[in-house]
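**Q**
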Amino acid sequence: MYDVIVIGGGPAGLQAALTIGRMHRTVLLLDSGEYRNATVAHAHNLLTNDGRSPAELRGIARDELAAYDTVEVRTTAVTAVSGSLGDFEVTTADGTERAARLVLATGMRDELPPVPGLAEQWGRLVAQCPFCHGHEFAGRRVGILIDGEHAGMIERMLRPVVASAFIARPADVALVTEVDGGLELSLADGSVENVAGVFTAATATQRAPFAAQLGCGILPGGGVEIDAMGRTTVPGVYAGGDMAHLAAVPGPMVSLAAAIASGQLAGASAVRDAIMP
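In terms of the numbering used here, the sequence shown opens at residue 2 and continues consecutively.
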C-alpha cells in the first residue's frame, strides 16, 4: 500500500511525485509514455529551461526523482482505477497496486480541425499557444485558422511579434503542405497563401477515463473540476496539469509552468490532507 499513486508522467505528475517524495511519503508514479506534447521538439516559456525538449525535461525530472528512496517510477499504462479514500486500486498490465490517495495527471488529447495536412504539422509548424510558440515566428507572416472571435484575439496577441497574419476559417482551407520556409495553404477558392506557420484551435478531451471512473466532477469545458488546492470532488483524489481546472476558469491550462505549479499543489494537498484531523 502506497501513500499516493500518481497516474501520468508529464510535468504535473512528475512534480506531484517530487513534492510527495520530499515529504518521505511512499509514492508510485505510473507513466504510460504518451504525452500531449510528444510532437514538440522544443518547449518554451519555462524559466531556466526555455528551448529544452520535453523529452529531455522528463529525463531530468526522472533523474531527480531517483534521489528519493520513497519514490518509485514505472513506465506502464493504467487500465482501470477503483476504490475510495484510504484504499484505491490501480490496475496495470503488471497487476494491481493500492494507495490511500491518488493524483491524476493524465493530460488531454487534442483534436484538430479536419484540414488535410494540418495534423502532420502539429507541434512543429502548427500550434495553438502564442506564448509557447509565437516568438519562433517573429518578423514573419503566419496563418490563423480559427473560427469566430477567437481568431481576432490571437491576431491581436501576435501583432507585436509577427510581420502579418492571414486569417481564415478551417473550412475554407483545402490543404496544408510543408514547403521550404514554412507552409502553403491551398484554399477552397483555388488561391494559395504562404506562411511561416499556423495557429489553430484544438478541441481538448480527457486522455484517460479514470476521473470519470472514480466519479469526479467534469466541467462543461471537459476539464476535471478541482478546488484551489487540486482536490477533485471525490475525497482522496487530486488532479493537476491541463486535465483539471477551477470552475471559474474558462478552460484547462496548457503551459508547462502552470502544469508544474498545479502538480505541486496536488501533491502537497495529498500529503497535507493525510495528516489533517
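Think of the CB as a built atom: it goes at the ideal place given N, C-alpha and C, for glycine as much as any other residue.
1. With DSSP as the reference, identify every bridge partner of residue 166, one or two as the case may be.
2. Can you tell me where the beta strand (DSSP E) with residue 268 in it begins and where it stops?
3. Distance, Cα to Cα, residue 272 vs residue 26?
4. What span of residues does the alpha helix (DSSP H) with residue 14 cover, start to end?
5. Please name the residue, chosen from 4, 5 and 9, that lies closest to residue 209 on a Cα-to-Cα basis.
6. On the criterion of 16 or more Cβ atoms from any shown chain inside 10 Å, does residue 2 qualify as buried, or is it exposed?
7. For residue 35, name the three-state secondary structure that DSSP assigns.
8. What do you get for residue 244, buried or exposed, if any count of 16 or more other CB atoms within 10 angstroms of its CB means buried?
9. Using DSSP's beta-bridge definition, name the partner residues of residue 109.
10. Please report the residue range of the alpha helix (DSSP H) in which residue 64 lies.
11. Rank 200, 56 and 195 by C-alpha distance to the C-alpha of residue 153 and give the top, closest one.
12. Below 7 Å CB to CB, which residues in the same chain sit around residue 185 once its five sequence neighbours on both sides are set aside?
13. Taking all protein chains shown into account, do 16 or more other C-beta atoms lie within 10 angstroms of the C-beta of residue 57, making it buried, or fewer, making it exposed?
14. Looking only at C-alpha atoms, which of 189, 148, 174 and 143 sits nearest to residue 159?
15. Using a Cβ-Cβ cutoff of less than 6 Å, which residues in the same chain neighbour residue 175 once the five nearest sequence positions on both sides are dropped?
16. Would you report the Cα separation of residue 323 and residue 98, rounded to the nearest angstrom?
17. Rounding to the nearest angstrom, what Cα-Cα distance links residue 270 and residue 223 in this structure?
18. When DSSP labels each residue in this structure, what does residue 86 get in the three-state scheme?
19. Could you check how far apart the C-beta atoms of residue 106 and residue 14 are, in whole angstroms? I think they sit under 8 Å.
20. Measure the alpha-carbon distance for residue 121 versus residue 235 and round it to whole angstroms.
**A** Working from what's here:
1. Along the sequence shown, one-based indexing puts residue 166 at 165. Partner(s): 143.
2. Your numbering for residue 268 matches position 267 in the sequence shown. That residue, residue 268, is in no beta strand (DSSP E); its alpha helix (DSSP H) goes 257 to 276.
3. Here residue 272 is taken as the residue at index 271 of the sequence shown, counted from 1. Here residue 26 is taken as the residue at index 25 of the sequence shown, counted from 1. Looking at the two C-alpha atoms, the distance is approximately 8 Å.
4. On the sequence shown, residue 14 is found 13 positions in, with the first residue counted as 1. Going by DSSP, residue 14 is part of the alpha helix (DSSP H) stretching over 12 to 22.
5. For this step, residue 209 is matched to residue 208 along the sequence shown. Comparing Cα positions, the closest option is 9.
6. For the purposes of this step, residue 2 is identified with residue 1 of the sequence shown, where counting begins at 1. With fewer than 16 other Cβ atoms within 10 Å, it is exposed.
7. Taking the first residue of the sequence shown as 1, we reach residue 35 at position 34. In this structure, residue 35 counts as coil in the three-state DSSP scheme.
8. Counted from its first residue, the sequence shown places residue 244 at position 243. Buried, by the Cβ-count rule.
9. Here residue 109 is taken as the residue at index 108 of the sequence shown, counted from 1. Note: residue 109 sits in a beta bridge opposite 207.
10. Locating residue 64 in the sequence shown gives position 63, counting from the first residue. Run containing residue 64: 55 to 66, per the alpha helix (DSSP H) assignment.
11. Start at 1 with the first residue of the sequence shown, and residue 153 comes out as number 152. Among 200, 56 and 195, the Cα nearest to that of residue 153 is on 200.
12. Taking the first residue of the sequence shown as position 1, residue 185 is located at position 184. Taken in chain order, the residues that qualify are 178, 193 and 195.
13. Within the sequence shown, residue 57 is the residue found at index 56, counting from 1. Residue 57 counts as exposed, since fewer than 16 other C-beta atoms from the protein chains shown sit within 10 angstroms of its C-beta.
14. On the sequence shown, residue 159 is found 158 positions in, with the first residue counted as 1. Closest option to residue 159, Cα to Cα, is 143.
15. On the sequence shown, position 174 is the one that residue 175 refers to. For residue 175, same chain residues with a beta-carbon under 6 Å away, outside a window of 5 residues either side, are 187 and 189 in chain order.
16. A query on residue 323 cannot be resolved here, the shown segment of the chain reaching from 2 to 278 and no further.
17. The residue given as residue 270 occupies position 269 in the sequence shown. The residue given as residue 223 occupies position 222 in the sequence shown. Straight-line spacing of the CA atoms in residue 270 and residue 223 works out to 23 Å.
18. Within the sequence shown, the letter at position 85 stands for residue 86. Coil, per DSSP.
19. In the sequence shown, the residue the question calls residue 106 occupies position 105. In the sequence shown, the residue the question calls residue 14 occupies position 13. Yes, they are in contact, since the Cβ atoms of residue 106 and residue 14 sit about 3 Å apart, within 8 Å.
20. On the sequence shown, residue 121 is found 120 positions in, with the first residue counted as 1. On the sequence shown, residue 235 is found 234 positions in, with the first residue counted as 1. Whole-angstrom Cα-Cα distance: 38 Å.
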